[in-house]
Amino acid sequence: MAPKLFVMYASPPCRAVMMLAKEIELELEIEEVERSRLRTPEMLELNPEHTAPILVDDDFVLWDSHAIMYYLRLHFESGLLYQRCTTAISPLFNGIGDISDDDKDKIVEAYGFIEKYLETYSWVADEEMTIADFSILSTVVSIELVIPVEEDRFPKLTEWIAKGKALKYFDECNSQGLDHLKELIEAASA
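In UniProt numbering, the protein residues as written are 1 to 190.
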């Protein structure tokens, strides 16, 4: 189910959120609200500040366009990439078997989405590193342990991963966890 976005079309912050959703190709259910409706008990329960936009994603509610835009940038990682990764590797940890071809294809498709983002910017969302890069990088370098990124097919993604791994704190924050994950995968595959 697509996240729901309550908007007032005259509001620049609402339009900014809608543009970002289009840019990242995220489907939203848009519902226009009148200013007076923002003060109803139903809407005040969602947003006590009685402003728009308001994003409702299942049980999660967020208001303030800037916070929503950060969340939507990360929505790709949490909703698409991370979910696909956990679905793909869960058979290994549950003793069911290997990663299915369908799940591998979904991961490779997600790699393609990231490649597309990187055609526009040096980092996932901008010319500077953002929180989206930290989140996506930690997931990609993890799933890459079992579904490698093909350099010839995804050159921008490969370059982006190398830039991420070159960060002075990458190893400090990731090496122990990646080593442990690799051991878990090897033990589950044995």
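For each residue, glycine too, the CB sits at the ideal point set by N, CA and C. None of the values given here were measured: they were computed from a predicted structure.
Check                                                                                                                                               : Outcome
When you compare the CB positions of residue 53 and residue 68, do they come within less than 8 angstroms of one another, or not?                   : yes
Could you check what DSSP says for residue 168 in three-state terms: helix, strand or coil?                                                         : coil
Please name the residue or residues paired with residue 60 in a DSSP beta bridge.                                                                   : 57
So the beta strand (DSSP E) residue 7 belongs to, where does it begin and stop?                                                                     : 4–7
Work out the CA separation of residue 16 and residue 186 for me, nearest whole Å.                                                                   : 45 angstroms
Okay, do the stretch 81–91 and the stretch 127–144 touch, 3+ Cβ pairs below 8 angstroms being the bar?                                              : yes
Looking only at C-alpha atoms, which of 109, 159, 110 and 88 sits nearest to residue 100?                                                           : 88
Give the DSSP bridge partners of residue 30, in chain order.                                                                                        : 5
Skipping 5 residues on each side, what residues in its chain have a beta carbon closer than 6 angstroms to that of residue 125?                     : 73 and 132
Using only CA atoms, which one of 103, 66 and 158 lies nearest to residue 12?                                                                       : 66
Given 8 angstroms as the limit, is there contact between the stretch 108–121 and the stretch 170–190, that is, 3 or more CB pairs closer than that? : no
Roughly how many angstroms separate the alpha carbons of residue 112 and residue 154, rounded to a whole number?                                    : 7 angstroms
Considering just the uninterrupted stretch of the alpha helix (DSSP H) at residue 13, what are its terminal residues?                               : 12–23
Please classify residue 154: does DSSP put it in a helix, a strand, or coil?                                                                        : coil
Can you tell me whether residue 94 is helix, strand or coil according to DSSP?                                                                      : coil
Residues in its own chain within less than 6 angstroms of residue 123 by CB, not counting five upstream and five downstream?                        : 129 and 133
Can you check whether the CB of residue 46 is closer than 8 angstroms to the CB of residue 61?                                                      : yes
Considering just the uninterrupted stretch of the alpha helix (DSSP H) at residue 139, what are its terminal residues?                              : 131–143
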